[in-house]
Ligand code: HEC
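Residue numbers (the working numbering): 950 to 1410.
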């Protein structure tokens, strides 16, 4: 669990859970615990590629190429554009397509595009920004405006392109130049710049926030923030999809996916299928499962911000519904006792060592959807010492095999200290104690806490 919000202070004199006022704006994107509920439908059982082209419209391609409209009907077949379309965008009533045979325009019939003369290499990305059109190939970035195509000089190969960004009130286009993310204002002035290690993907959302995948770490530049901030997903980010048409973003990691938005936070999500293609204007993920294109949308969820697993110090946790729109009711209870509002103040004094309390929340929306979440909150472990904690644990669970003549002797604090990493590894995996029940999570945590405290022998008096 992560602490990502700074919250208003509460009065330390009154114990017990109660409402706290949290007027503070989020400083970063929240990571929510509750998994998102997903709904998948099949958009096509023959296409292998899908590119959103306008709100409500998706261009599907494989052997054939066709546009599907807002009612998901194959509205128009685009004859002659055979093969997967990498990128597409509407510019002045004309659909521009990057096909395996090069750039094409379509206005009911398919034409070779005059832009092809100016662009070398296959176009991987097309983005419209007002009356300008950006084209990105593996080696170059081009911009078309007023009938003129210019190659944009960058300090490295173009690694990303995202129009529709906002920095404060200023509109910017984000460009990846090698490992550097650069924000260009409309006048082409550089308004922000930051070097990353290995910039893979760059995107913007409908709120103007910029998102970036730096060699497996997810970063966000909130439109109102001064700089980029990393979002610790706990696993390497393998894919990132954002679009200026929607606030929803999708991030894949080696262990699972996340979906959400800068305002509502990111929730874990289990997405079926494999290749991720795009996010559409309604925030739905377009992806493939080997036999066609699927479209997955995220339902609603609820999570806690700033909720530690153990109450070691005073802390205010805040309930975070995935959307604030149309909330009908919110109910929060701590060990069955109702808590008013959506912020709960925790004080260590309310938690005896090892005490567990159940924090339950339920949110209902006016459209009938609901999300509930129950989490256990634990009291602090207290002071862990060799004499009071570890020695008795050793006597009880290890001494029979790790006394004086064993290969690994663990009968003193010094012996534990020498082998602490090995010990923690063994007990956390349940490999030790050999042949009996593993240590409780509390006991494993106690050993860690003892290490973290510097291996105290006795409690200081
Ligand atoms: C029933 C017997 C038994 C109990 C109980 C037991 N162990 Fe072990 N443990 C062994 C044996 C056998 C080995 C392998 C020989 C050795 O290194 O002593 C071992 C090895 C180890 C090792 C070295 C592992 C390595 O090879 O890197 C550690 C560390 C360890 N035990 C920790 C513990 C701790 C901590 C406890 C108590 C929480 C514990 N063991 C309880 C039998 C036991």
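Every residue gets a Cβ at the ideal spot worked out from N, C-alpha and C, and that includes glycine. Here the structure is a predicted model, which means the values were calculated and not measured.
- Looking at the DSSP output, residue 1269 shares a beta bridge with 1252.
- Residue 1380 and residue 1335 have their C-alpha atoms spaced approximately 22 angstroms apart.
- For residue 1339, there is no enclosing alpha helix (DSSP H), as DSSP marks it with neither H nor E.
- Inside the region 1367-1391, DSSP marks whole alpha helix (DSSP H) runs of 4 or more residues at positions 1369-1378, from first to last along the chain.
- Under a 10 Å Cβ-count criterion, residue 1316 is classified as exposed, with fewer than 16 other Cβ atoms of the shown protein chains found around its own Cβ.
- Using a cutoff of 8 angstroms, the CB of residue 1390 does not count as near ligand 1, since none of the ligand's heavy atoms is closer than that.
- DSSP places residue 1217 in the strand class (E or B) of the three-state scheme.
- For residue 1350, the uninterrupted alpha helix (DSSP H) run begins and ends at 1348-1351, by DSSP.
- Put simply, the residues with a CB less than 7 angstroms from any heavy atom of ligand 1 are 1342, 1343, 1346, 1347, 1349, 1350, 1351, 1355, 1356, 1357, 1359, 1368, 1371, 1372, 1375, 1376, 1381, 1382, 1383, 1384, 1385 and 1388, in chain order.
- Secondary structure note for residue 990: its beta strand (DSSP E) is the uninterrupted segment 987-993.
- By alpha-carbon distance to residue 1164, the top candidate from 1174, 1322 and 1129 is 1129.
- Within a 10 Å sphere around the beta-carbon of residue 1378 sit fewer than 16 other beta-carbons, which makes this residue exposed.
- Taking the CA atoms as reference points, residue 1048 sits about 19 angstroms from residue 1110.
- 9 angstroms or more divides the Cβ of residue 1213 from the Cβ of residue 1154.
- Annotation: residue 1345 to residue 1402 spans about 22 angstroms, alpha carbon to alpha carbon.
- Beta-bridge partners of residue 1007 (DSSP): 1001 and 1017.
- Of all alpha-carbon atoms in 1268, 1330, 1242 and 1308, the one lying nearest the alpha-carbon of residue 1262 is that of 1330.
- Note that the region 1030-1039 touches the region 1067-1075; at least 3 beta-carbon pairs, one per stretch, sit closer than 8 angstroms.
- Residue 1058 and residue 1310 have their C-alpha atoms roughly 55 angstroms apart.
- Judged by DSSP in its simplified three-state form, residue 1395 adopts helix.
- Scanning the region 1099-1125 for uninterrupted beta strand (DSSP E) segments of 3 residues or longer gives 1107-1116, listed from N- to C-terminal end.
- No Cβ-Cβ contact shorter than 9 angstroms links residue 1009 with residue 1220.
- As the crow flies, the alpha-carbon of residue 999 is around 31 angstroms from that of residue 1275.
- Secondary structure note for residue 1170: its beta strand (DSSP E) is the uninterrupted segment 1166-1170.
- Counting C-beta pairs with one atom in each stretch, the region 1357-1374 and the region 1278-1295 have fewer than three that are closer than 8 angstroms, which means they do not touch.
- Beta-bridge pairing by DSSP links residue 1358 to no other residue.
- With contacts defined as CB atoms closer than 9 angstroms, residue 1044 and residue 1017 fail to qualify as a contacting pair.
- Taking C-beta separations shorter than 6 angstroms and ignoring five residues to either side along the sequence, residue 1050 has no partners in its chain.
- Distance between residue 1027 and residue 1012, taken at the CA atoms: about 11 angstroms.
- Residue 1237 has its alpha-carbon roughly 53 angstroms from the corresponding atom of residue 1339.
- Around the CB of residue 1395, 16 or more other CB atoms lie within 10 Å, so the residue is classed as buried.
- It is roughly 34 angstroms from the alpha-carbon of residue 1085 to the alpha-carbon of residue 1271.
- In terms of CA proximity to residue 1370, 1398 leads the group 1398, 1080, 1387 and 1105.
- When secondary structure is reduced to three states using DSSP, residue 1287 falls in the strand class.
- Looking only at 1273, 1256 and 1131, the smallest Cα-Cα distance to residue 1266 is reached by 1256.
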